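**Student:** My structure is below; once you've seen it, I'll send some questions.
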Amino acid sequence: MPESPAPVVGVLALQGDVREHLRMVTAAGGIGREVKVPADLDTIHALIIPGGESTTIGRLARLYGMIEPLRKHIRAGLPTFGTCAGMIFLASGVTEGAQPQLGVLDMVVERNAFGRQNESFECDLAVEGWEETIHAVFIRAPIVSSTGPDVEVMARHDSRPVLVRDGDILASSFHPELTGDLRLHRMLLAMADKP
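Right, dumping it as structure tokens:
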């Protein structure tokens, strides 16, 4: 019986850690592809929205006509992983101000909750159901200030949610693409590979 082809994982390539995620997808056994226009969404099995600057990602997504196509595909079940700014973009709201968001993940986030760039830090986090911790890199990271009833909190830092999942949507405050730990990317690939 022939092996099934590797899932194609698109990385939203408007701004942010695109190359780093593409490398992680390949290392995890998937095929990475940049996503820049709505038609690209029809050629992928999963999506990553990378870290970067959430207001810039939102503005560019609006400019390139990506907001509604992204919402449509994610709501239809496209497995999606948002990291840092990607988490903010997926969420339904922010605690202060307003910015373009997809609103597909039922939670409110606080931007830059851990401080500015020079207050970035690393730590090891316990993840629900995992035997080993994950090393997490926080850079101007958001936190989840509230979640809807279907959002599962998988990891916390100082009791605050920093890794969440709701069905086929996964989101982290931190940057797994900067550590070489492939477990979250492999989780996304597994979500893409299910029948």
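Position in the sequence shown (first residue = 1) + 40 = my numbering. All residues carry an ideal CB built from backbone N, CA and C; glycine is no exception. Just so you know, these numbers come straight off a predicted model, no measurement behind them.
1) Can you give me the Cβ contacts of Arg-226 inside the same chain, cut-off strictly under 6 Å, excluding the 5 residues immediately before and after it?
2) In the structure shown, what three-state DSSP assignment does Ala-176 receive?
3) Mind checking whether Leu-52 and Val-77 have CB atoms under 8 Å apart?
4) Nearest-angstrom Cα distance between Ala-166 and Ile-174?
5) If you follow the beta strand (DSSP E) that Ser-132 is in, where does it begin and where does it stop?
6) If you reduce the DSSP assignment to three classes, tell me which class Gly-122 lands in.
7) Can you check which of these residues, Phe-161, Met-127 and Val-204, is closest to Gly-92 by C-alpha distance?
8) Tell me where the alpha helix (DSSP H) around Met-231 begins and ends.
9) Gly-72 lies in the beta strand (DSSP E); which residues open and close that run?
**Tutor:** Taking the definition as stated:
1) Position 186 of the sequence shown, counting from 1, holds the residue named residue 226. For Arg-226, same chain residues with a beta-carbon under 6 Å away, outside a window of 5 residues either side, are Ala-68 in chain order.
2) Taking the first residue of the sequence shown as position 1, residue 176 is located at position 136. Ala-176 falls in the strand class under three-state DSSP.
3) To locate residue 52, count along the sequence shown from 1; it is residue 12. To locate residue 77, count along the sequence shown from 1; it is residue 37. No. Outside cutoff.
4) Working through the sequence shown from its first residue, we reach residue 166 at position 126. Working through the sequence shown from its first residue, we reach residue 174 at position 134. Ala-166 and Ile-174: Cα-Cα distance of roughly 7 Å.
5) Here residue 132 refers to the residue found at position 92 when the sequence shown is read from its first residue. Segment 131-134, the beta strand (DSSP E) holding Ser-132.
6) The sequence position of residue 122 within the sequence shown is 82, counting from 1. Correct three-state label for Gly-122: strand.
7) As a position in the sequence shown, residue 92 is number 52, starting the count at 1. Closest option to Gly-92, Cα to Cα, is Met-127.
8) Residue numbering aside, residue 231 sits at position 191 when the sequence shown is read from its first letter. Residues 223-233.
9) Position 32 of the sequence shown, counting from 1, holds the residue named residue 72. Counting along the chain, the beta strand (DSSP E) containing Gly-72 begins and ends at 71-75.
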